[in-house]
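Below is one structure, written out as structure tokens, with a few remarks after it.
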Amino acid sequence: MALKRIIPCLDVRDGRTVKGVQFSGMRDAGDPVELATRYAREGADELVLLDISAGAENRVARCELVERVAAALDIPFTVGGGVRSLEDAVAVLESGADKVAVNSAALRDPSLLGRIAARYGQQCVVLAVDARVDQTGSRNVYAAGASTPTNWSLERWVMQAEQEGAGEILYTAIDRDGTRSGFDLEGLQAVRLATNLPVIASGGAGTLQHFADALSLGQADAVLAASLFHFAEVSIQELRQFLRNQNIRTR
Numbered sequence: 000m001a002l003k004r005i006i007p008c009l010d011v012r013d014g015r016t017v018k019g020v021q022f023s024g025m026r027d028a029g030d031p032v033e034l035a036t037r038y039a040r041e042g043a044d045e046l047v048l049l050d051i052s053a054g055a056e057n058r059v060a061r062c063e064l065v066e067r068v069a070a071a072l073d074i075p076f077t078v079g080g081g082v083r084s085l086e087d088a089v090a091v092l093e094s095g096a097d098k099v100a101v102n103s104a105a106l107r108d109p110s111l112l113g114r115i116a117a118r119y120g121q122q123c124v125v126l127a128v129d130a131r132v133d134q135t136g137s138r139n140v141y142a143a144g145a146s147t148p149t150n151w152s153l154e155r156w157v158m159q160a161e162q163e164g165a166g167e168i169l170y171t172a173i174d175r176d177g178t179r180s181g182f183d184l185e186g187l188q189a190v191r192l193a194t195n196l197p198v199i200a201s202g203g204a205g206t207l208q209h210f211a212d213a214l215s216l217g218q219a220d221a222v223l224a225a226s227l228f229h230f231a232e233v234s235i236q237e238l239r240q241f242l243r244n245q246n247i248r249t250r
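Using numbering that gives the first Met the number 0, the first residue of the sequence shown is number 0, and each one after it goes up by one.
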């Protein structure tokens, strides 16, 4: 069985790490370089940085910040935000990221995933998926920072993305984001049934047990969280020991 991963996430706006609830109401959480350094020192398995204002500002994630964060890390580092083309992905990866996360642009043009994979390898391509449950109980995919619904169901989209060239799925349950009510276990199970790709659970972490549930019941390969780590409510070491006690092996 593959070892599970613990991944802190830096949502960055105007050069600062921020965190909100359901993609709104952001509050400051600190300097991204300082946080990245701390997480590397504490033993995080990977780090994700999402430039959350890049799409709305019609630009790619700030490469200068990517360079600074990459210089502070010795662990795999994924960057997303405003990646609309192969050229944008090149800029992010050449700035020091190990993987690039693509969301809205892939929904507009799924073949972008394959073009990035053809140049850098499928393992470098992370599909970021934001979805929420509709009135019928189905999970629908949203674009543009979880503000715009699409015609894709969660299951159909991850299946298509795998065929196009995605190498990993970062699934965020919009309704759970920042609520600390637990990960969307049913959604994670649906993604796991729809794809053979590694799945990162995002949105809803509030307790140590929530992480364990996502990795066991939800069958995720990795767990991602932000505010619990940023504000030192849970440490990487504490979580790793808790998972070990639950017989969940991490890297």
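Idealized CB from N, CA, C, for every residue including glycine. Model, not experiment: these values are computed from the prediction.
Annotated as distal: Glu56 and Arg4, with beta-carbon spacing of 9 angstroms or more.
Looking only at Ile74, Asn102, Ala172, the smallest Cα-Cα distance to Gly95 is reached by Ile74.
Of Val128, Val68, Val82, the smallest CA-CA separation from Leu187 is found for Val128.
A distance of 9 angstroms or more separates the beta carbons of Val89 and Ala60. At least 9 angstroms separates the beta-carbon of Glu163 from that of Gly120. Below 8 angstroms, too few C-beta pairs join the region 149 to 156 and the region 172 to 182 to call them touching: fewer than three.
Looking from the CA of Asn139, the closest CA among Val99, Cys8, Thr178, Ala189 belongs to Ala189. CA-CA distance, Val99 to Phe76, rounds to 9 angstroms. For Pro7 and Val198, the gap between their C-alpha atoms comes out near 15 angstroms. For Ile115, same chain residues with a beta-carbon under 8 angstroms away, outside a window of 5 residues either side, are Leu85, Ala88, Val99, Val101, Cys123, Val124, Gly164 in chain order. Residue range 184 to 193 is occupied by the alpha helix (DSSP H) that includes Gly186, with no beta strand (DSSP E) assigned at that position. For Ile247, no beta strand (DSSP E) encloses it, and the DSSP letter there is neither H nor E. Per DSSP, the unbroken alpha helix (DSSP H) holding Leu34 starts and ends at 31 to 41. Rounded to whole angstroms, Leu106 and Ala160 show a C-alpha spacing of 9 angstroms. Note: Glu167 is bridge-paired with Val125 in the DSSP secondary-structure output.
Going by C-alpha positions, Gly14 is about 10 angstroms away from Glu63.
Judged by their CB atoms, Gly166 and Gly202 are not nearer to each other than the 9 angstroms cut-off. Nearest in C-alpha terms to Gln218, of all of Ile247, Ala71, Arg239, Ala225, is Ile247. Residue environment analysis places Gly80 among the buried positions, since at least 16 neighbouring C-beta atoms fall within 10 angstroms of its C-beta. By a beta-carbon distance limit of 8 angstroms, Val132 contacts Asp174. Their separation comes to about 7 angstroms.
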